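Engineer: Have a look at this one before I ask anything.
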Amino acid sequence: MGRSWLGGAVVGYLSLRGNPGGKGMRFLVDAMLGKLARWLRLLGHDAEYGRDASDEELLARAAEEGRILLTSDIGLFKRALSSGISVVLVKGSSEEERLALLARRLGIRLEVDLENSRCPKCNSPVVEVPKEAVRGLVPEGSWRRYERFWRCTGCGQVYWQGSHWSNIEAVLARARELARARSSKAP
């Protein structure tokens, strides 16, 4: 079990079960980190979002399901630590900073792997589907312009690498840069 302390504030994490950085990491994300859950899903990780869950429910679910609890709440973090639950205290004012922290602490790769991505909306796996299968489900211009499409196996949402893709790549590039910069400053 590892903790790091800085000026009396916990900034570290508990030793983790499972395969840190590997595919298939399972997270439970507290209500304050909903956007982070969506990013983790895009990166291929199973990230459940406890939007309306109480602290007790989050702790019980993380323990029962063997999920790593991600929280920005120091009180919840300490309770998880004392209960032996894998937990990361997530700080940062931007998604780039939060993703960089998880890359440093857990070895998460900050690259989208479309073969393993999950639906940002519902957390179900997405699968590539034939272009013809999504005709009428996406804007006609997008259907004509793009060749590859993915569909959520849960909610049916259709995805493609549209004009927003450059924004996704820019956020991840900045997060990788922050992770490298902070790693090089570590003792």
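The sequence shown begins at 136 in this note's numbering and counts up by one. Think of the CB as a built atom: it goes at the ideal place given N, C-alpha and C, for glycine as much as any other residue. Remember, it's a predicted structure, so these values are computed and weren't measured experimentally.
Helix, strand or coil for Glu-183, going by three-state DSSP, please let me know.
Structural biologist: strand
Engineer: Since Lys-226 and Leu-211 should fall inside the 8 Å C-beta cutoff, what is the C-beta to C-beta distance between them, to a whole number of angstroms?
Structural biologist: Not confirmed; about 13 Å, so no contact.
Engineer: Taking all protein chains shown into account, do 16 or more other C-beta atoms lie within 10 angstroms of the C-beta of Arg-176, making it buried, or fewer, making it exposed?
Structural biologist: buried
Engineer: Starting from Ile-209, trace the alpha helix (DSSP H) in both directions and tell me its first and last residue.
Structural biologist: 209-217
Engineer: Could you have a look at Gly-165 and say whether DSSP puts it in helix, strand or coil?
Structural biologist: Going by the sequence as given, residue 165 is Asp instead of Gly. Asp-165 falls in the strand class under three-state DSSP.
Engineer: Taking the continuous alpha helix (DSSP H) assigned at Leu-178, which residues delimit it?
Structural biologist: Careful: Leu-178 lies outside any alpha helix (DSSP H) and carries neither H nor E.
Engineer: Could you say which of Asp-165, His-180, Ala-310 and Phe-162 lies nearest to Asn-251 if we only look at CA atoms?
Structural biologist: His-180
Engineer: Based on Cα-Cα distance, which residue from Trp-174, Lys-213, Phe-162 and Glu-232 lies nearest to Val-247?
Structural biologist: Trp-174
Engineer: What residues match up with Thr-206 in a beta bridge as DSSP calls it?
Structural biologist: Partner(s): Leu-224.
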